[in-house]
Amino acid sequence: MPSNEIGGRIPLVRFVEHEFFVKHIRPLLVQKVCNALRSRFNEKDTDVIDEKGENYGSYEAFIQGKCSQEKEEKLVKLLKTNSEEMLNSFLLAKAWLSHEPLYHVMSYRYRVEYGLSNKSEKEIAVPFKGKDLPSENSEFSHPDVMIGFTIISYLYRGLSLEQVKKELIKLKYEQDKDRLLKQWVQENKEWIGLHKEWTDEHQEWIEEHNRNENATFPSLLNAVKTKLLKHQVQENKDWIDKHNQKENATFPSWLNSFKTLDLEDEERVKKIHIYLCRNFDFVEYYLSSFTFPHDAKYYKRKLTGNAHTLAGEGETKGFSGTDDRNDIMPESIIPKRLPSQKETNGKMLHILS
1 MPSNEIGGRI PLVRFVEHEF FVKHIRPLLV QKVCNALRSR FNEKDTDVID
51 EKGENYGSYE AFIQGKCSQE KEEKLVKLLK TNSEEMLNSF LLAKAWLSHE
101 PLYHVMSYRY RVEYGLSNKS EKEIAVPFKG KDLPSENSEF SHPDVMIGFT
151 IISYLYRGLS LEQVKKELIK LKYEQDKDRL LKQWVQENKE WIGLHKEWTD
201 EHQEWIEEHN RNENATFPSL LNAVKTKLLK HQVQENKDWI DKHNQKENAT
251 FPSWLNSFKT LDLEDEERVK KIHIYLCRNF DFVEYYLSSF TFPHDAKYYK
301 RKLTGNAHTL AGEGETKGFS GTDDRNDIMP ESIIPKRLPS QKETNGKMLH
351 ILS
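Residue 62 in full-length UniProt numbering is what sits at position 62 of the sequence shown, and the numbering runs on without skipping anything.
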């Protein structure tokens with residue numbers, strides 16, 4: 001579908017068949033993620049090999065969960081020795097692809113089964129009861145699933161005007177603010193260029209396809225199909241021409257530096273919102289700076305309590321009409337069977353019978 005925002009909109013994607021995902025989509029994702037991680041950590045080898053030359057298997061096999069438990073344990077220790085950040089990155093990839101929270105997230109329908117609520121104080125994704133009907137008092141219990149739904153929801157919808165302004169105010173006090181701003185603007189320029197290349201390629205394909213179909217199979221079905229494809233490509237071309245007539249006008253020079261960027265100018269902030277609201281890195285920066293630290297807090301330790309922990313070693317008193325539950329009482333409570341109350345159990349059985 002054509003993108004209607006200069007900031008770029010990712011297409012709506014949904015995984016339907018699990019078997020197709022496992023056979024065709026997941027291997028490609030594993031390969032791309034593995035290559036990206038190896039490039040990030042300057043790892044040239046495709047296999048994990050220690051100093052003695054022992055091979056523990058490939059990185060791709062590790063991410064897919066195909067290594068034996070013994071090899072996997074050795075591989076984890078080796079990666080931890082090299083770099084803990086590298087180990088955490090590969091474990092994260094393994095968790096999302098091998099244990100399939102990615103498939104779970106991408107199999108749900110946006111704005112039907114999950115999405116963002118405008119009424120909620122939290123900025124995380126919530127379950128939906130139906131089309132555009134968020135369940136205001138519900139949350140996703142699994143943290144990884146919640147994070148996945150939140151990220152994809154903001155990429156689909158984009159950041160709001162207030163969120164963009166909030167992020168720019170924070171970014172203004174960062175040391176590398178101008179570098180990040182230039183990077184985000186450049187990414188959008190490259191995205192427009194790629195979108196234009198895609199449009200030109202499809203235009204050529206349609207013209208060739210139309211000539212072949214008219215020469216061999218002139219039918220009403222092919223005419224309708226070609227008309228729909230032409231309409232889609234024309235929509236994309238119109239969008240590109242509209243927003244890319246003059247590059248300087250599309251991306252004004254004042255957008256490249258905070259020295260010329262006035263956050264008090266509401267009109268300029270509105271233009272920035274159009275340019276960057278769906279930029280992937282811009283959205284990631286906002287989520288990691290505001291949404292997740294505030295609404296997805298993680299604690300290394302968790303306090304729990306039950307009857308045994310609440311009844312401490314101090315003086316504790318309790319009362320029960322019968323003594324049939326003494327075996328499940330906290331250990332700190334010592335049951336005292338009073339001689340005068342021994343016959344109460346028999347009386348209770350007599351009443352109930």
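Quick reminder that beta carbons are idealized off the backbone N, C-alpha and C, glycines included.
Just so it is clear, the structure is predicted and the values come from calculations on it, not from any experiment.
query, result
"DSSP-derived helix/strand/coil call for Phe129", "Sequence check: residue 129 is Lys here, not Phe. Note: Lys129 maps to strand in three-state DSSP."
"Among Lys23, Tyr59 and Ile25, nearest to Ser39 - alpha-carbon criterion", "Tyr59"
"Span of the beta strand (DSSP E) around Tyr56", "Asn55 to Ser58"
"Integer Cβ distance of Leu276 from Val105, believed to fall under 8 Å", "Contact flag wrong, Cβ pair sits at about 24 Å."
"Cβ-Cβ distance between Gly130 and Val145 below 8 Å", "no"
"Chain-order list of residues whose beta-carbon lies under 7 Å from that of Glu187 (same chain, five-residue window excluded)", "Asn279 and Asp281"
"C-alpha gap between Leu92 and Glu100, whole angstroms", "11 Å"
"The stretch 137-154 in contact with the stretch 54-71 per 3-pair CB rule at 8 Å", "no"
"Residue range of the alpha helix (DSSP H) that includes Ile10", "That residue, Ile10, is in no alpha helix (DSSP H); it is neither H nor E in DSSP."
"Other residues of its chain near Glu284: CB distance less than 6 Å, five sequence neighbours each side excluded", "none"
"Rounded separation between Glu19 and Arg26 - CA only", "10 Å"
"Identity of the residue in Pro293, Ile49 and Leu29 nearest Lys94 by Cα", "Leu29"
"Cβ pair Ser257, Lys170 closer than 8 Å", "no"
"Burial state of Glu139, where buried means 16 or more other Cβ atoms lie within 10 Å", "exposed"
"Cα-Cα separation, Asp265 to Val185", "19 Å"
"Glu123 classed as buried or exposed, judged by whether at least 16 other C-beta atoms fall within 10 angstroms", "buried"
"Cβ-Cβ separation, Leu12 to Tyr103 (assumed contact under 8 Å), whole Å", "Contact flag wrong, Cβ pair sits at about 16 Å."
"Boundaries (first-last residue) of the alpha helix (DSSP H) holding Ile274", "Glu266 to Leu276"
"Limits of the unbroken alpha helix (DSSP H) element including Ile147", "Pro143 to Arg157"
"Exposed unless 16 or more other CB atoms sit within 10 angstroms - verdict on His273", "buried"
"Separation of Leu255 from Ser98, as counted between CA atoms", "41 Å"
"Residue of Glu85, Asn306, Ser135 and Leu181 minimising C-alpha distance to Leu37", "Glu85"
"Residues of its chain near Lys177, where Cβ-Cβ distance is below 8 Å and the 5 sequence neighbours each way are ignored", "Leu171 and Phe258"
"Exposure label - Gly346; buried when at least 16 CB within 10 Å", "exposed"
"Which listed residue (Trp96, Glu174, Asp295 and Arg109) has its alpha carbon closest to that of Val65", "As written in the sequence, residue 65 is Gly, which differs from the Val given in the question. Comparing Cα positions, the closest option is Trp96."
"Backbone secondary structure at Val48 - three-state DSSP", "strand"
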